[in-house]
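Chains as they are written, first to last, in this note's numbering: chain A, 10 to 346; chain B, 229 to 556. Beta carbons are placed, not taken as given, at the ideal position from N, Cα and C, and that holds for glycine. Taking it in order: structure first as structure tokens, then the write-up.
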Amino acid sequence: MTTVTVPAVKAEPTDAELMQWYRQMVLIRQFELRCAQSYQQQKIGGFCHLYVGQEAVAVGSIGAVRPDDYIITAYRDHGHAIARGMDIYPLFGELYGKRSGCSHGKGGSMHFFDAEKNFFGGHAIVGAHIPLAVGLGWAIKYRKQDRVALCYFGDGAINQGSFHEALNLAGLFKLPCIFLVENNGYGMGTHVHRASAVTDLKLRTADAYGIPGKDVDGMDCLAMYRMVRSAADYCRAGNGSIFLEVKTYRYRGHSMSDPQKYRTREEVAEFQKHDPIGRLEKILQEKRLLDDAKISAIADEIHREVEAAHEKADADPTPDLEDVWTDIYAQPFGPYR
Amino acid sequence: MPVIQMREALNQAMCEEMERDPDVFLMGEEVAEYDGAYKVSQGMLAKFGPMRVVDSPISECGFAGLGVGAAMVGMRPIIEFMTFSFSLVAFDQVVNNAPKVRHMSGGQLSVPIVFRGISGPGQQLGATHSWTVDAIYTHVPGLKVVIPSTPYDAKGLLKTAIRDNDPVIFLENESMYGNRGEVPEEEYLIEFGRADIKRPGTDCTVVGWGHTVLTAMAAAEELEKSHGINVEVIDLRTLRPMDLDSILTSVKKTGYCVTVEEGYPTCGVGAEIAAQVQQHCFDDLDNSVVRVAALDVPMPYSKPLLQHVVPGVERVAEAIKQAIYFQG
Ligand SMILES: Cc1ncc(C[n+]2csc(CCOP(=O)(O)OP(=O)(O)O)c2C)c(N)n1
Ligand SMILES: [Mg+2]
Numbered sequence: 010m011t012t013v014t015v016p017a018v019k020a021e022p023t024d025a026e027l028m029q030w031y032r033q034m035v036l037i038r039q040f041e042l043r044c045a046q047s048y049q050q051q052k053i054g055g056f057c058h059l060y061v062g063q064e065a066v067a068v069g070s071i072g073a074v075r076p077d078d079y080i081i082t083a084y085r086d087h088g089h090a091i092a093r094g095m096d097i098y099p100l101f102g103e104l105y106g107k108r109s110g111c112s113h114g115k116g117g118s119m120h121f122f123d124a125e126k127n128f129f130g131g132h133a134i135v136g137a138h139i140p141l142a143v144g145l146g147w148a149i150k151y152r153k154q155d156r157v158a159l160c161y162f163g164d165g166a167i168n169q170g171s172f173h174e175a176l177n178l179a180g181l182f183k184l185p186c187i188f189l190v191e192n193n194g195y196g197m198g199t200h201v202h203r204a205s206a207v208t209d210l211k212l213r214t215a216d217a218y219g220i221p222g223k224d225v226d227g228m229d230c231l232a233m234y235r236m237v238r239s240a241a242d243y244c245r246a247g248n249g250s251i252f253l254e255v256k257t258y259r260y261r262g263h264s265m266s267d268p269q270k271y272r273t274r275e276e277v278a279e280f281q282k283h284d285p286i287g288r289l290e291k292i293l294q295e296k297r298l299l300d301d302a303k304i305s306a307i308a309d310e311i312h313r314e315v316e317a318a319h320e321k322a323d324a325d326p327t328p329d330l331e332d333v334w335t336d337i338y339a340q341p342f343g344p345y346r
Numbered sequence: 229m230p231v232i233q234m235r236e237a238l239n240q241a242m243c244e245e246m247e248r249d250p251d252v253f254l255m256g257e258e259v260a261e262y263d264g265a266y267k268v269s270q271g272m273l274a275k276f277g278p279m280r281v282v283d284s285p286i287s288e289c290g291f292a293g294l295g296v297g298a299a300m301v302g303m304r305p306i307i308e309f310m311t312f313s314f315s316l317v318a319f320d321q322v323v324n325n326a327p328k329v330r331h332m333s334g335g336q337l338s339v340p341i342v343f344r345g346i347s348g349p350g351q352q353l354g355a356t357h358s359w360t361v362d363a364i365y366t367h368v369p370g371l372k373v374v375i376p377s378t379p380y381d382a383k384g385l386l387k388t389a390i391r392d393n394d395p396v397i398f399l400e401n402e403s404m405y406g407n408r409g410e411v412p413e414e415e416y417l418i419e420f421g422r423a424d425i426k427r428p429g430t431d432c433t434v435v436g437w438g439h440t441v442l443t444a445m446a447a448a449e450e451l452e453k454s455h456g457i458n459v460e461v462i463d464l465r466t467l468r469p470m471d472l473d474s475i476l477t478s479v480k481k482t483g484y485c486v487t488v489e490e491g492y493p494t495c496g497v498g499a500e501i502a503a504q505v506q507q508h509c510f511d512d513l514d515n516s517v518v519r520v521a522a523l524d525v526p527m528p529y530s531k532p533l534l535q536h537v538v539p540g541v542e543r544v545a546e547a548i549k550q551a552i553y554f555q556g
């Protein structure tokens, strides 16, 4: 087996950073709960996959990289978009199919994009974006930039051919990519043990593709931060890619229409005991950065922020019907108008 | 006669064929323990066990190819794509391996496989998840393409597909799974390449398949009621082989032809029909063939945009009026 040591990084987050992550996680959770409500009210159509329970993964990892580092993810993308700093108003706009949406209502829940913020989507075909991350890594290396590409996908995605082809390329070309498999136990209703021949996912890339694998507690924002900080340093130093098995859990169904017969309430409750927001809250309380009054003040403030963005987007106009002809080519053409 | 849902008709077809032939098995994502993402395979795991109703990892290329390989040695796999949008991940297996092994082996090998699942613009799923793949697969020599519009046809055609010795693409529609219709208890099969005249008429031939048969029927009824226009609606049921005779016979009678599809107009199935009709019925036509299709754009998420892109009853009715020079 290939052994590569990934240096542990000493850098610790500042108090301000910790507070910012806390707010971000609360924001993601409240955003998602509003989405659940809006879905029930049929303001949101199509598929909608909530990130509740997994907040620490996006927040801790994106908190560990720089704004010019590239981010790309799958369809469960709300948390990553918010952690990357996207404003929630255009996210609601997108979910509600409005012109004000981040993709002007063309993409929906699974296709959030923000090119300016180096957020390259939201991709709905399982595994399809992993080669794209390798392309981002290729461009970074080609242009000799001091950047890394973060690529998130689920435990279900690592059995796609695209994953294996992409990781071989990344290993072969030693590209600055951090691959994060968000192992939440299930791909839809299929447990990892029923989908993967080797279920210790962190082992799957070192021997196969020369990409060292590590695991990390995805319910712990700080652990995520530390791991991704050291992984990013490793990549920036020109060592190649890193594969991280992030152990996490989704509290809600796979999408909004999932009877969840494949797991018990007790199982969900067990994971909720290690809630990522609660854990950071505790740390912040010990550091005397938070107390009960402040916790509820933050919750109220974020609630108002979420409601305001939701209401504004809800009142926005839908796109013009003529807009179906835009955003297809740089220079529009076509015989059928 | 029992009245059942389309999904039950498909379920019955698979169960009956699995009881009849031990070489038939079903594999796909969430088909077994979850009972199918759209509940088509409900109860089948309990009936047939995990060797015959098999949950696959998310590896479309892998399990589609597994099916082709198993078929090469005489098994009869039913491979379910959660949607045919995901069959594109397995495109090479579906369009290269499945339909070409017979040819490249000089006829030594058969690939009796069925690929089935939903196809169509869907419910606001965005551009990658909303493929109508009928034209894509109808383009390929060696494949057969089947697309039922009623529970009766779904059952009879799926049974035929499973027994067929060539690869069959079997296209279903999410919004039609709950549609009900009469399905007899006794066994029946429906031959490929035979269209069904859903509604005889004299003023215009309208050709649809799958979901667009329902759209065409609704448009025909509306035109009958509002303007006394007498439309003949043909349900192709299989796109390859295609029952050209039924189309041509009808156009010779009516003199007008409209095709209705949810896929794209450019190189679509309607384009093929138009070419055939103008070639074989040139002197019978009183106007050019009119194609109704999705607008030639990626499927947008936003509901009003999507509804604008996908042809509905109103657009079909307008096209028919235009085709027959209806004034007023
Ligand atoms: C190619 C392809 N196959 C199937 C699907 C349907 N599908 C969407 S999400 C999903 C499960 C993916 O699970 P995982 O990768 O673990 O991600 P999670 O949903 O847990 O975040 C499936 C089967 C799809 N979108 N694309
Ligand atoms: Mg998962």
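- prompt: With DSSP run on the structure shown, which of helix, strand or coil describes R213/A?
  reply: Under the three-state reduction of DSSP, R213/A is assigned to coil, being neither helix nor strand.
query: Helix, strand or coil: which one does DSSP assign to Q233/B?
result: strand
Contact check, A143/A vs P185/A, beta carbons under 7 Å: Checking the sequence shown, residue 143/A turns out to be Val, not Ala. Contact: no.
- prompt: Listed from N- to C-terminal order along the chain, which residues in the stretch 43-77 of chain A have their beta-carbon within a distance smaller than 7 Å of any beta-carbon of chain B?
  reply: Identification of residues in the stretch 43-77 of chain A having a C-beta nearer than 7 Å to some C-beta of chain B yields G54, G55, F56, given in sequence order.
message: Is the beta carbon of M34/A closer than 7 Å to that of G354/B?
response: no
query: Can you name the residues that DSSP bridges to T466/B?
result: Per DSSP, V374/B.
Where R248/B falls, given that 16 or more other Cβ within 10 Å makes a residue buried: exposed
- request: Compile a chain-ordered list of the residues in the stretch 320-344 of chain A whose CB is closer than 7 Å to at least one CB of chain B.
  value: T327, P328, L330, D332, V333, W334, I337, G343
task: Please list, following the chain, all residues that have a C-beta closer than 7 Å to any non-hydrogen atom of ligand 2.
output: G163/A, D164/A, G165/A, E191/A, N192/A, N193/A, G194/A, Y195/A, G196/A
Where the alpha helix (DSSP H) containing G69/A begins and where it ends: 64-71
query: Taking Cβ positions only, does Y405/B come closer than 7 Å to chain A?
result: No - not a single Cβ of chain A is within 7 Å of the one on Y405/B.
- request: Please confirm if the stretch 241-252 of chain A is in contact with the stretch 177-196 of chain A, defined as three or more CB-CB distances below 8 Å between the two stretches.
  value: Segment contact: the stretch 241-252 of chain A against the stretch 177-196 of chain A, three or more CB-CB distances shorter than 8 Å; contact assigned.
- request: Could you check the C-alpha separation between T527/B and E314/A for me, to the nearest Å?
  value: According to the sequence as given, residue 527/B is Met; it is not Thr. Each residue's alpha carbon lies about 32 Å from the other.
task: Give the range of the beta strand (DSSP E) segment to which N376/A is assigned.
output: This structure leaves residue 376/A out entirely; chain A is present only between 10 and 346.
message: Taking 6 Å as the cut-off, is the beta-carbon of M310/B closer than that to any non-hydrogen atom of ligand 1?
response: True, at least one ligand heavy atom lies under 6 Å from that Cβ.
- prompt: Quick one, which of G94/A, K115/A, A133/A has its alpha-carbon nearest E125/A's?
  reply: G94/A
field: Contact set between the stretch 255-288 of chain B and chain A, restricted to residues whose Cβ is under 9 Å from the partner
entry: E257, E258, E261, Y262, D263, A265, D283, S284, P285, I286, S287, E288
field: Limits of the alpha helix (DSSP H) - the one that A246/A falls within
entry: Boundaries for A246/A: no alpha helix (DSSP H) harbours it, and the DSSP string shows neither H nor E there.
message: Could you tell me the alpha carbon to alpha carbon distance between E546/B and D332/A, rounded to whole angstroms?
response: Taking the straight line from one Cα to the other gives about 22 Å.
- request: State the start and end residues of the unbroken alpha helix (DSSP H) segment that holds K153/A.
  value: Taken as a continuous stretch (DSSP letters only), K153/A belongs to no alpha helix (DSSP H), as it is neither H nor E.
message: Let me see if you follow: with CB-CB separation under 7 Å, is H138/A close to chain D or not?
response: The question asks about chain D, but that chain is absent: this structure's protein chains are A and B.
- request: Return the CA-CA distance between Q550/B and G498/B, expressed in angstroms with no decimal places.
  value: 17 Å
message: Quick check: is the beta carbon of T214/A nearer than 7 Å to any beta carbon in chain B?
response: no
field: Beta-carbon proximity of R304/B to P327/B, cut-off 7 Å
entry: no
query: Thinking C-alpha only, which one of W359/B, E410/B, P469/B is nearest Q233/B?
result: E410/B
message: Looking at the strands, I want to know which residues DSSP matches up with V282/B.
response: Beta-bridge partners of V282/B (DSSP): M255/B.
field: Continuous alpha helix (DSSP H) assignments of at least 4 residues falling wholly in the stretch 380-465 of chain B
entry: 439-455
- prompt: Do the CB positions of L533/B and P99/A come within less than 7 Å of each other?
  reply: Going by C-beta atoms, L533/B is not nearer than 7 Å to P99/A.
message: Run through the DSSP bridge pairs and tell me what H200/A is partnered with.
response: Bridge partners of H200/A: Y195/A.
- prompt: Counting Cβ pairs, one atom from each stretch, are 3 or more of them under 8 Å apart for the stretch 307-325 of chain B and the stretch 291-299 of chain B?
  reply: Because the criterion of three Cβ pairs below 8 Å is met, the stretch 307-325 of chain B and the stretch 291-299 of chain B touch.
message: Would you say Q321/B lies against chain A (beta-carbon separation less than 7 Å)?
response: no
task: Would you decide whether M242/B is buried or exposed? Buried here means 16 or more other CB atoms lie within 10 Å of its CB.
output: buried
field: Spatial distance of P22/A from F182/A (CA atoms)
entry: 32 Å
- prompt: DSSP three-state call for R75/A: helix, strand or coil?
  reply: coil
- prompt: So, helix, strand or coil for D300/A, using DSSP?
  reply: coil
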